[in-house]
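2 protein chains.
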Amino acid sequence: MPTILNSEHMLRTAGLRVTRPRIAVLTAVYDNPHADTDSIIGVVRDELGAVSHQAVYDVLRALTAAGLVRRIQPSGHLARYESRVGDNHHHVVCRSCGSIADADCAVGTTPCLTASDDHGFAIDEAEVIYWGQCPDCLTTQTSSPTRSP
Amino acid sequence: MPTILNSEHMLRTAGLRVTRPRIAVLTAVYDNPHADTDSIIGVVRDELGAVSHQAVYDVLRALTAAGLVRRIQPSGHLARYESRVGDNHHHVVCRSCGSIADADCAVGTTPCLTASDDHGFAIDEAEVIYWGQCPDCLTTQTSSPTRSP
DNA sequence: CACCCAAACTTGATTGATTCAAGAAATTGG
DNA sequence: CCAATTTCTTGAATCAATCAAGTTTGGGTG
Chain A
1 MPTILNSEHM LRTAGLRVTR PRIAVLTAVY DNPHADTDSI IGVVRDELGA VSHQAVYDVL
61 RALTAAGLVR RIQPSGHLAR YESRVGDNHH HVVCRSCGSI ADADCAVGTT PCLTASDDHG
121 FAIDEAEVIY WGQCPDCLTT QTSSPTRSP
Chain B
150 MPTILNSEHM LRTAGLRVTR PRIAVLTAVY DNPHADTDSI IGVVRDELGA VSHQAVYDVL
210 RALTAAGLVR RIQPSGHLAR YESRVGDNHH HVVCRSCGSI ADADCAVGTT PCLTASDDHG
270 FAIDEAEVIY WGQCPDCLTT QTSSPTRSP
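Residue numbers (my numbering), protein chains in the order written: chain A, 1 to 149; chain B, 150 to 298.
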């Protein structure tokens, strides 16, 4: 996790003003990978006291736009944020409990970045989400198969 | 697009009761790839007259659970539905206008299905979303680069 | 060092897709 | 044809996220 000075420098380098809410949010995302907005609000309030949810929403948007954090939002789930940026890693999402883990793709650093037919689109990112069951849900489940034979 | 008889057979085969709303929704998804729920409601009402939005939501959920249609929901966008199922194709999404096109991955039929480290997850699907700019938005845009050098 | 102004935060309300709930209608197996 | 369960209708509720207006603050300027 970044120190306050590191956070400050990261913000300045990105051309963002340095405020206590921004430092707290940036630190919270580093300390809590894949946390949703509500969790981050909680962490920030533990750190600073009263902070409006609107401020956290604004900060998360600014940090995402600046490339300091990355927003991920698996289908049917809330938006989540993480600090690993720029390394083109992907995510494994549990269909049962929604937990998320990081996954570096087996193919290489930029997997599947070239679609066979891009329909004239200028593609700049390939986002991969692996869907499945996490270890906990695998052992816990007694029945309820995903798709019976 | 499937005939009414085909739709009926598909529903029965999937173990679903055959109703007019279900036939209409299934046909609408076939006729309008990547349509969102609201568009589908409109198409269904053009076909049948009054149909509750709740019915369409329920039907879309049932069809998705049965594997007759596929739900896709790019981050920050509404849920959309399509009829191509089981062929592991992917999608290109325009960052500007949100339009979606199909893309078969260059790597093969099941690209990247094995993550280098799956953290003990039992993975059953790899969902890939290519992000970029569609041809229309590429020509229209005068400035506003995504990330300046 | 005081001032200024745009950016950032607070407060409070609103949006809008989706879901929940209870009763009416329709499908299908017997 | 009838009963039982599923499905549809109606109407309300949820809740993450956004919008809006006013206040505060960061950080460069004179």
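Each residue gets a CB set at the ideal place from its N, CA and C atoms; glycine is no exception.
Interface annotation for the segment 123-143 of chain A against chain B: I123, D124, E125, A126, E127, V128, I129, Y130, W131, G132, Q133, C134, P135 and L138, criterion Cβ-Cβ distance under 7 Å. Per DSSP, R17/A is not a residue of any alpha helix (DSSP H), being assigned neither H nor E. A straight line joining the alpha-carbon of G67/A with that of L175/B spans about 40 Å.
By the beta-carbon neighbour count (other beta carbons within 10 angstroms, threshold 16), Q203/B is exposed.
DSSP places R22/A within a helical segment (H, G or I) once states are collapsed to three. With fewer than 16 other CB atoms across the displayed protein chains lying within 10 angstroms of its CB, C97/A is exposed.
Under the criterion of beta carbons closer than 8 Å, V242/B and I278/B qualify as touching, at roughly 6 Å. Around the beta-carbon of R61/A, fewer than 16 other beta-carbon atoms lie within 10 Å, marking it exposed. Within the segment 41-83 of chain A, the alpha helix (DSSP H) runs of at least 4 residues that lie entirely inside it are, in chain order, 53-66. Rounded to whole angstroms, V69/A and T13/A show a C-alpha spacing of 14 Å. Those residues of the segment 62-85 of chain A placed with their C-beta closer than 9 Å to a C-beta in chain B are G67, R71, I72, Q73, P74, S75, G76 and A79, ordered along the chain. By DSSP's assignment, E125/A forms a beta bridge with W280/B. Counting C-beta atoms within 10 angstroms of its own C-beta, S201/B has fewer than 16 neighbours from the protein chains shown and is therefore classed as exposed. A distance of 8 Å or more separates the beta carbons of I221/B and G132/A.
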